[in-house]
Amino acid sequence: MSEIINLNKESFEKVVSSSDKTTLIDFWAPWCGPCKALGPTLEELNNELQDQVDIYKVNVDENTALAQEHGVQSIPTILVYKNGSISQTLVGLKSKEELKEIIQS
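Positions 758 to 862 (this note's numbering) are the ones given, in order, by the sequence shown.
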C-alpha cells in the first residue's frame with residue numbers, strides 16, 4: 758500500500774517524464790469539497806491498481822504557477838499522462854469506475 762505523493766514544480770517534471778505507467782496528477786486544494794470527496798477514490802485506485810498507475814497530487818494553493826502552466830482553471834482537475842504525454846484532462850468529480858476505465862484503456 759503506497760501513499761499518494763504531493764508534487765511541486767521540480768518533482769512534477771521528473772515524475773511525468775520517468776513513469777512507464779499511466780500517471781494521474783490530481784490538482785486540488787484543501788478547501789475544495791469535491792477535491793476532498795475525490796481523495797478516498799484516488800487512494801483506493803492507488804492501492805488496487807498500483808502495478809498499472811502512478812497517482813500524485815498538486816496543491817494549487819502552494820503551486821499556483823504549476824497549475825496555471827497546465828491550464829488548470831477549475832478543481833479538481835486530473836491530468837492523465839500516458840508515455841510521458843497528456844492523454845486526457847478531466848475536470849470535476851469523477852467516479853471510481855470512470856477513472857478505472859481510463860487507467861485500464
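From the three backbone atoms N, C-alpha and C, an ideal C-beta is built for every residue, glycine too.
So the candidates are the options; which of them puts its Cα closest to the Cα of residue i?
i	options	result
L806	L847, L781, G849	L781
I717	Q830, S831, N816	Given a span of 758 to 862 for the chain in the structure shown, any question on residue 717 remains unanswerable.
W785	F769, L795, D777	L795
H827	F769, N763, C792	F769
S852	K814, D818, L799, N820	L799
C789	Q825, N820, L850	L850
L856	V810, I843, A822	V810
What does the Cβ neighbour count give for residue i, buried or exposed, with the cut at 16 atoms within 10 Å?
i	result
V848	exposed
P833	buried
N864	Only positions 758 to 862 of the chain appear in the structure, and residue 864 is not among them; the question remains open.
T779	buried
A824	buried
If you drop the 5 nearest sequence neighbours on each side, which residues of the same chain put their C-beta closer than 7 Å to that of residue i?
i	result
S774	G841
Tell me which same chain residues have a C-beta within less than 6 Å of the C-beta of residue i, skipping the five on either side of it?
i	result
I835	L781, D783, L847
D818	A786
Write down the C-beta distance between residue i and residue j rounded to the nearest angstrom, noting that I regard them as a contact closer than 8 Å.
i	j	result
Y838	L764	Not really, about 12 Å apart at Cβ, beyond 8 Å.
N820	K771	Not confirmed; about 14 Å, so no contact.
With a threshold of 8 Å on Cβ separation, who are the neighbours of residue i within its own chain once the five nearest residues in sequence on each side are excluded?
i	result
E854	none
message: Ignoring anything shorter than 3 residues, give me the beta strand (DSSP E) runs that lie fully in the region 822-850, in order along the chain.
response: 834-839, 842-848
field: Complete runs of the alpha helix (DSSP H) confined to the region 763-826 [at least 4 residues]
entry: 766-775, 790-805, 821-826
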